[in-house]
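Trainee: Please see the structure below; I have some questions.
Number of protein chains: 2
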Amino acid sequence: METSADVLVVDDDPTVSEVVAAYLRRCGHRVRLAADGPSAVATAHLKRPDLVVLDLMLPGFDGFEVYRRIRRLGPVPVIMLTARGEEHDRILGLELGADDYVTKPFSPRELSLRANSVLRRARQAAGVPEQAAELRRVADLEIDVTGHQATRGGVPLALTGREFDLLAFLLAHPGQAFTRTELMRLVWGWDYGDQSTVTVHVRRLREKIEQDPAQPRLLVTVWGVGYRLDPPDPQEPGAASADGGAGR
Amino acid sequence: METSADVLVVDDDPTVSEVVAAYLRRCGHRVRLAADGPSAVATAHLKRPDLVVLDLMLPGFDGFEVYRRIRRLGPVPVIMLTARGEEHDRILGLELGADDYVTKPFSPRELSLRANSVLRRARQAAGVPEQAAELRRVADLEIDVTGHQATRGGVPLALTGREFDLLAFLLAHPGQAFTRTELMRLVWGWDYGDQSTVTVHVRRLREKIEQDPAQPRLLVTVWGVGYRLDPPDPQEPGAASADGGAGR
DNA sequence: TGGAGCCGTCCCGAATCCTTACGGACCGAG
DNA sequence: CTCGGTCCGTAAGGATTCGGGACGGCTCCA
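Chains as they are written, first to last, in my numbering: chain E, 1 to 248; chain S, 249 to 496.
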């Protein structure tokens, strides 16, 4: 679990800011709100948040200007909220150096994922000792979330971004079955789009972590439901024991 | 039972809300109903449910407004019911903030899965240590609802979806007899269709959980009524266990 | 400006599962 | 003893799901 952080949310729409705040608080963060540019800059000055979530469409005030002023305070990470289709904002935002951006309409889960990711990167860059690299293990599979590296039996795996996220999530919830839609929401952060995307990534991940991808023993498919990462049976390690119910 | 939770269902259509309530009760939850926005908010205030299932199409009251007011009470998980066919963008916008949403028409399995996983995540976020895998046991039969896995004496069973649902339901109500029609309605979610479907699935389930499927001792048939999952008599098994006057 | 890697989507074959139908066996009542 | 209702076992058709292959778009990098 990520540690808590101070987050400043800047948006003039109370509906959006309330929802965003609720979600971030649920993740264990402390949240402050600002509805306009000046108060945002002032709050940033006084409270020195660990992360700023900034809507670019502020009334009567240029969001970019707010961004520049906040950035002068120091290397505070910023996530920008932009409207879909506004390629201009997005490009400009990234050029300015925003750590990440999220296009509206967005799912709160997506924002939470981005926020945690940005915070993690920021802490790492800041040289925070990073208490004992966050490790997760199942069978001979090991993942270092902070170091963004996965190994099997000590051998590093060449996972892509999505594959890593998927494996990290499954390793965090071993033995639990998830539907494709759930995985789409929890790993991808959104749930529109084709569910077969999940299927394809599971297949690609199996190619890299399973000994026999055609007969997966770790990343099992639960028919009619979805997928599950099985913790290894504490019993036989290499014995040719019948696969119990895994058959078919 | 750790799975049970207080659920508030908000829908103006009694047909829908009753069906939803039935689905949730079959999962072992306690359900309250509210037909309009104000009473929903009031009930949420008074009863502090663990989960809210909220229909967005409330008459004369914006469902999203209800959501915001309920959310102010605290981090209550919310599942939204939306009608299919609404513009995708609208759904996305409304989804803003919901823990999950289900599009109508929905299947009972769908709602059950979502409700359970939302509750699980909420408990997890609330600091309740996970690990509390939802288990149900009778005799040497054990079922892990979150992992969608059933075992007998520790050995995994290869159950199909329906078989799993059926066994899960019976394990939630041991010692209680159900007619085929009841099982059809409570497990399948509809009350039309051939009752022999239930018969066939019971038979297949017996093949997998009974030691001698020809003489079932766990999944007993109550003649003229239906079926019942018997908790094992810890004492003598061969006794002439008169099933009382259950006959007709 | 190419080229490689990653991601998301689509298509189709194969495997699996659900439902229904049918014949025979069993139970209880008159 | 006979009969009507009920239950069990088998089989087949239809529907759904899963897995593999492949394609185009996109980004990043040389």
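We treat Cβ as the ideally placed atom computed from N, Cα and C, and that holds for glycine.
How would you label glycine 322 of chain S, buried or exposed, when you count the other beta carbons within 10 angstroms and need 16 or more for buried?
Mentor: exposed
Trainee: Between histidine 173 of chain E and the rest of its own chain, which residues show a CB-CB distance below 8 Å, the 5 nearest in sequence each way excluded?
Mentor: Leu229
Trainee: With DSSP as the reference, label leucine 218 of chain E as helix, strand or coil.
Mentor: Collapsing the DSSP output to three states places leucine 218 of chain E in coil.
Trainee: Distance, Cα to Cα, glutamine 397 of chain S vs arginine 68 of chain E?
Mentor: 53 Å
Trainee: Give me whichever residues DSSP pairs with methionine 80 of chain E in a beta bridge.
Mentor: DSSP lists E/Leu54 and E/Tyr101 as partners of methionine 80 of chain E.
Trainee: Where aspartate 516 of chain S and arginine 384 of chain S are concerned, what is the direct C-alpha to C-alpha distance, given to the nearest angstrom?
Mentor: Residue 516 of chain S is absent from the structure shown; chain S starts at 249 and stops at 496.
Trainee: Could you please give the first and the last residue of the uninterrupted beta strand (DSSP E) stretch that includes aspartate 6 of chain E?
Mentor: 6 to 10
Trainee: Identify each residue in the segment 163 to 188 of chain E for which the Cβ-Cβ distance to at least one residue of chain S is less than 7 Å, and report them in chain order.
Mentor: Gly175, Gln176, Ala177, Thr179 and Glu182
Trainee: With alanine 139 of chain E and leucine 218 of chain E assumed to form a contact (beta carbons below 8 Å), what rounded beta-carbon distance in angstroms separates them?
Mentor: Correct: roughly 6 Å between the Cβ atoms.
Trainee: Can you tell me whether DSSP reads glutamate 455 of chain S as helix, strand or coil?
Mentor: helix
Trainee: Please state if the CB of valine 314 of chain S and the CB of leucine 281 of chain S are separated by a distance shorter than 9 Å.
Mentor: No; because the gap between Cβ atoms is not below 9 Å, this pair is not in contact.
Trainee: Just the Cα atoms here: how many angstroms apart are glycine 153 of chain E and serine 112 of chain E?
Mentor: Take the alpha-carbon of glycine 153 of chain E and the one of serine 112 of chain E: they are about 32 Å apart.
Trainee: I need the straight-line Cα distance from glutamate 2 of chain E to glycine 147 of chain E, nearest angstrom please.
Mentor: Since pLDDT at glutamate 2 of chain E reaches only 47, below the 50 mark, its modelled position is unreliable, and no value is offered.
Trainee: By a C-beta neighbour count over all protein chains shown, 10 Å radius and 16 as the cutoff for buried, is arginine 72 of chain E buried or exposed?
Mentor: exposed
Trainee: To which residues of the same chain is glutamate 455 of chain S closer than 7 Å at the C-beta, ignoring the five residues directly before and after it?
Mentor: Pro461.
Trainee: Any Cβ of chain E within less than 9 Å of the Cβ of aspartate 348 of chain S?
Mentor: yes
Trainee: Does tyrosine 23 of chain E pass the burial test, meaning 16 or more other C-beta atoms within 10 Å, or should it be called exposed?
Mentor: Buried.
Trainee: What are the boundary residues of the alpha helix (DSSP H) that includes phenylalanine 417 of chain S?
Mentor: 409 to 420
Trainee: Taking only beta-carbon positions, decide if threonine 15 of chain E is within less than 9 Å of chain S.
Mentor: yes
Trainee: Considering only the beta carbon of each residue, do leucine 329 of chain S and valine 301 of chain S sit closer than 9 Å?
Mentor: Result yes, Cβ atoms of leucine 329 of chain S and valine 301 of chain S sit closer than 9 Å.
Trainee: Verify the contact flag: glycine 74 of chain E, CB atom, against every heavy atom of the ligand FAD, threshold strictly below 8 Å.
Mentor: Only the bare structure without any ligand can be found here, which leaves the ligand FAD out of the picture.
Trainee: Helix, strand or coil for glycine 474 of chain S, going by three-state DSSP, please let me know.
Mentor: strand
Trainee: 9 Å is my cut-off, CB to CB: does arginine 30 of chain E come that close to chain S?
Mentor: Arginine 30 of chain E does not count as touching chain S.
Trainee: Are tryptophan 436 of chain S and arginine 410 of chain S touching if we call contact CB-CB under 9 Å?
Mentor: yes
Trainee: Would you please verify whether the beta carbon of glycine 311 of chain S is less than 9 Å from any beta carbon of chain E?
Mentor: No, its Cβ sits nowhere closer than 9 Å to a Cβ of chain E.
Trainee: Should leucine 256 of chain S be flagged as near chain E, meaning a C-beta pair shorter than 9 Å?
Mentor: no
Trainee: I need the straight-line Cα distance from leucine 56 of chain E to proline 38 of chain E, nearest angstrom please.
Mentor: Going by the C-alpha atoms only, they are around 14 Å apart.
Trainee: In whole angstroms, what separates the C-alpha of threonine 197 of chain E from that of proline 464 of chain S?
Mentor: 44 Å
Trainee: With a threshold of 16 other CB atoms inside 10 Å of the CB of proline 129 of chain E, please say whether the residue is buried or exposed.
Mentor: Low confidence applies to proline 129 of chain E: its pLDDT is 49, below 50, so where it sits in the model is not reliable enough to give any reading.
Trainee: Below 8 Å on the Cβ atoms is my guess for cysteine 275 of chain S versus alanine 363 of chain S; work out the distance and round it to an integer in Å.
Mentor: 7 Å
Trainee: Sorted by chain position, which residues of the same chain lie with C-beta nearer than 7 Å to aspartate 100 of chain E's C-beta, five sequence neighbours on each side aside?
Mentor: Residues Ile79, Arg114 and Val118 of the same chain have their beta carbon placed closer than 7 Å to that of aspartate 100 of chain E, with the five preceding and five following residues left out of the count.
Trainee: With distances taken Cα to Cα, identify the nearest neighbour of arginine 48 of chain E among E/Leu170, E/Pro77, E/Phe169 and E/Arg185.
Mentor: E/Pro77
Trainee: Count the other CB atoms, across all protein chains shown, that sit within 10 Å of the CB of tyrosine 475 of chain S; report buried if there are 16 or more and exposed otherwise.
Mentor: buried
Trainee: Once DSSP output is grouped into helix, strand and coil, what is the label at proline 156 of chain E?
Mentor: strand
Trainee: Report the rounded CA-to-CA distance for phenylalanine 417 of chain S versus leucine 434 of chain S, giving the unit in angstroms.
Mentor: 8 Å
Trainee: Determine, using beta carbons only, whether histidine 201 of chain E and leucine 171 of chain E come nearer to each other than 9 Å.
Mentor: no
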